[in-house]
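Since the structure comes first, as structure tokens, the remarks are kept for the end.
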Amino acid sequence: MPSQTISSIILAGGKASRMDGLDKGLQTYRGQRLIEHVIESISPQVDEILISANRHLDEYATLGYPVYPDNYGKFDGPLAGMASAIPHCKHDWIVVIPCDMPFLPDNLVSKMKQYTNHANLVAISNKDRLQLVFLLHRSLIDSITLYLSSNQHTVMRWLDSVDHHVLAIDNENHFYNINTPDQINS
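Offset between the sequence shown (1-based) and our numbering: plus 1076.
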């Protein structure tokens, strides 16, 4: 892929049920809020950052990036967050990442960009498990919207319905995600 500009959507709109309902992205981990760790990792790799959140929108906005809630307003999951934010992205290629992965690699986007000639979506696999980390082309918004309109919300099932390339990165530390209060305090 020629050097194109890249947008990024950070997903921070979940219920965080395993986090006792606390807004995960705003929880402090090693001196910073989780979302700040993600911003620090991804900002040198992209040209634009958007945040998808459903609670504490004003607090997320203090980070200096546009914040978009799900259009559906029912905590319908990552696809709903993507569907709400993609139309606001300035660029055709978009990195989607969750707010709870504080150790993302500093070459993540460049590695994923190598495979955009093969598919409109590059997914990350880590230790044979797909992660909620994608580089996708904005043209996939129609597929996401159609999937959501059929009352489907499972990201991995949607992924199976679109042409994609899976990139294996087997450093488990890079994609470690914080899901519980115990992990926050470790």
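In this text, a Cβ means the ideal position worked out from N, Cα and C, and glycines have one as well.
Quick one, which of the options has its alpha-carbon nearest residue i's?
i, options, result
"Arg1075", "Asp1246, Pro1174, Leu1087, Val1143", "One cannot answer for residue 1075 here, as it falls past the ends of the chain, which runs 1077 to 1262."
"Asn1130", "Met1158, Pro1257, Gln1259", "Met1158"
"Gln1228", "Asp1152, Asn1249, Leu1216", "Asp1152"
"Lys1166", "Glu1124, Lys1203, Phe1251, Pro1257", "Glu1124"
"Asp1099", "Glu1135, Arg1106, Gln1207", "Glu1135"
"Asn1202", "Thr1192, Met1177, Pro1142, Tyr1223", "Met1177"
"Ala1199", "Asp1168, Ile1173, Leu1102", "Ile1173"
"Gln1207", "Val1231, Glu1112, Gly1089", "Val1231"
Under the DSSP definition of a beta bridge, which residues are partnered with residue i?
i, result
"Pro1174", "Leu1087"
"Val1143", "Ile1127"
"Trp1169", "Ile1082, His1213"
"Val1242", "Ala1199"
"Arg1109", "Thr1104"
"Leu1206", "Ser1201"
For residue i, name the three-state secondary structure that DSSP assigns.
i, result
"Glu1248", "coil"
"Val1263", "No information on residue 1263 is available, as it lies outside the stretch 1077 to 1262 that the chain covers here."
"Ser1262", "coil"
"Leu1133", "helix"
"Val1231", "helix"
"Gln1190", "coil"
"Asp1218", "helix"
"Gly1157", "helix"
"Ile1254", "coil"
"Pro1181", "coil"
"Val1122", "coil"
"Ser1117", "helix"
Assuming residue i contacts residue j (C-beta within less than 8 angstroms), just tell me the rounded distance between them.
i, j, result
"Met1188", "Leu1126", "That pair is no contact at about 18 angstroms."
"Gln1108", "Leu1184", "Gln1108 to Leu1184, Cβ: 19 angstroms. No contact."
"Asp1239", "Asn1196", "6 angstroms"
The ligand GDP and residue i: does any heavy atom of the ligand fall closer than 8 angstroms to the residue's C-beta?
i, result
"Ala1199", "Among the components modelled here there is no ligand, and therefore nothing to report on the ligand GDP."
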